[in-house]
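To start, the structure itself, in structure tokens.
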Amino acid sequence: MFRLDYAAREGGTKLPVLLIMTSVGRVLRLGMLVHETLS
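The UniProt record's numbering applies: residue 1 is where the sequence shown begins, and numbers increase by one.
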């Protein structure tokens, strides 16, 4: 809730940061899966 409120108040400047963070999280999760599969 707070994060959505903050993003709405700041305008569109925070949205790219959130998108980058979510995409980085997905890449990290994929990397962990690959690492577990290979080891």
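Here a beta-carbon is modelled for each residue, glycine too, at the ideal position from N, C-alpha and C.
In this text the structure is predicted, and so the values were computed from the model without any measurement.
Give me the Cα-Cα distance between residue i and residue j, rounded to the nearest whole angstrom.
i: R37; j: R26; result: Note that residue 37 corresponds to Thr in the displayed sequence, not to Arg. Taking the straight line from one Cα to the other gives about 17 Å.
i: L30; j: V24; result: 10 Å
i: H35; j: L28; result: 10 Å
i: T22; j: S39; result: 26 Å
Give a yes or no on whether 8 Å exceeds the smallest Cβ distance from residue i to chain B.
i: S23; result: Absence of chain B from the displayed structure is noted, only one protein chain being present.
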